[in-house]
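Participant: Mapped onto this note's numbering, the consecutive letters of the sequence shown carry residue numbers 29 to 309.
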Amino acid sequence: MPTSPRISFLGCGSMNEAILGGILAGGFPKDRVTATVRRAERAAELRVRHGITVLAGSEDEAANRNAAAEADVLIVGVKPAGVRAMLTEVGPVLKPGAVVVSVAAAVPLELMEAALPAGAQVIRTMPNTPAKLGRGVTALSAGTAAAPASVELVRSLLAGTGRVVQVPEEQINAVGSVSGSGPAYAFYLAEAMAKAGAELGLEPELAVLLAAETLAGAGAMLAEPGADAAALRRAVTSPNGTTEAAIGVFADRDLPGIIAAGMAAAAERSAEITGELNAAS
Ligand SMILES: NC(=O)C1=CN([C@@H]2O[C@H](COP(=O)(O)OP(=O)(O)OC[C@H]3O[C@@H](n4cnc5c(N)ncnc54)[C@H](OP(=O)(O)O)[C@@H]3O)[C@@H](O)[C@H]2O)C=CC1
Ligand SMILES: O=C(O)[C@@H]1CCC=N1
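Here is the structure:
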């Protein structure tokens, strides 16, 4: 059997830890994975939780370079404003043939390529945190020097985190608005439903349970092959019944329009952050 590639997670917060969890749960060997963070306490937490090597910048100023130098695949998971500095730091030590993957919103392939040595293989992704459970969806766009075999390698690694789709880079901001930020919309709905349930007289803990289980159950139904959200909704909505009364209020107040406006704001914010990053170069 061929040896697994070495993966280094450069920055390991909410998003990269979710990807790490999904990849390890899929059976990827722990001894082929290194992660870096800034804080020693976060490094200790990740070591205990995942049993991998974690290097903390606060303890070793060469942490990122050491992790990068051994990696076949690097997954950069710092905030957008930190990506250029990270790539500038690790670029000189990359192994020949290494693939640099970014999960950062708003950081263009062009910026990544400019920060790395000429010819570096880069891939920009937009994942989401259900990756932790193998239920994520990741969109990726490949840079100009990324070989098809490298794209396939990254796709196969990310398969442990859920679905993987390839899109033109100009669609990544829209993807982020739907699936990158999307889990937060679902959690927001759960919060709102729980609050409203309590206002209708339920014990707050019971309202939280009902809202969470309902969204989880509905999500599981949506994940079934051939599921159709509108058909599933109609199956709950009896003519002149209670659900119809609720949906009628949502429609009258243009909930779809409110959601569309929020998602447009997310995409616009991505473009704005890209502008800020380009202006800072
Ligand atoms: N959260 C999400 O749902 C999604 C996030 N993304 C993208 O993922 C990226 C990370 O976001 P998120 O995970 O939420 O952020 P977090 O703040 O949770 O994680 C950032 C991580 O980067 C580490 N870090 C920062 N600077 C350095 C450095 N110089 N060297 C090593 N480690 C460093 C932090 O370490 P420490 O903890 O020690 O400070 C932390 O582990 C962003 O670019 C975001 O756009 C994309 C899709 C979804
Ligand atoms: O909020 C953000 O900027 C990141 C990108 C998508 C989800 N979280």
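Glycine is no exception: its CB is placed at the ideal position from the N, C-alpha and C atoms.
Just so we're clear, the structure is a prediction, and the values are computed from it rather than from any experiment.
Can you pull every residue whose C-beta falls closer than 6 Å to some heavy atom of ligand 2, listed in chain order?
Facilitator: A133, G204, G208 and S209
Participant: With DSSP as the reference, label T64 as helix, strand or coil.
Facilitator: T64 falls in the strand class under three-state DSSP.
Participant: Hey, G162 and G105 are a contact pair by Cβ (cut 8 Å); roughly how many whole angstroms apart?
Facilitator: Actually they do not touch by this definition, with Cβ atoms about 18 Å apart.
Participant: If we ignore side chains and look at the alpha-carbon of each, how far apart do A295 and G171 end up?
Facilitator: Answer to the nearest angstrom: the Cα atoms are 21 Å apart.
Participant: So does R67 have its beta carbon nearer than 7 Å to some heavy atom of ligand 1?
Facilitator: yes
Participant: Using only the alpha-carbon positions, how far apart do N156 and N268 sit?
Facilitator: Cα-Cα distance, rounded: 38 Å.
Participant: Which one of K107, L139, A133 and A99 has the shortest CA to CA distance from K123?
Facilitator: A99
Participant: Buried or exposed for T31, going by 16 or more other Cβ atoms inside 10 Å?
Facilitator: exposed
Participant: Relative to the C-alpha of E219, which candidate in S207, S209 and P232 has its C-alpha closest?
Facilitator: P232
Participant: Is it buried or exposed for N306, if we count other Cβ within 10 angstroms and need 16 for buried?
Facilitator: exposed
Participant: Over the uninterrupted beta strand (DSSP E) stretch that includes F37, give me the two end residues.
Facilitator: I35 to L38
Participant: Is any heavy atom in ligand 1 found nearer than 7 Å to the beta carbon of V118?
Facilitator: Because no heavy atom of ligand 1 lies under 7 Å away, the Cβ of V118 does not count as near it: no.
Participant: Taking the DSSP output, what are the residues bridged to Q194?
Facilitator: L168
Participant: So what does DSSP say about S130, is it helix, strand or coil?
Facilitator: Three-state DSSP puts S130 in a strand.
Participant: Taking C-alpha atoms, which residue in F37, I35 and G55 lies nearest to G188?
Facilitator: G55
Participant: Taking 7 Å as the line, does the beta carbon of R93 fall inside it for any heavy atom of ligand 1?
Facilitator: Not so, every heavy atom of ligand 1 lies at least 7 Å from the Cβ.
Participant: Quick test of the definition: if touching needs 3 or more C-beta pairs under 8 Å, does the region 89–98 touch the region 63–76?
Facilitator: They touch, by the three-pair rule.
Participant: State buried or exposed for N44, treating a residue as buried only when at least 16 other CB atoms are found within 10 Å of its CB.
Facilitator: Counting Cβ neighbours within 10 Å, N44 comes out buried, since at least 16 surround it.
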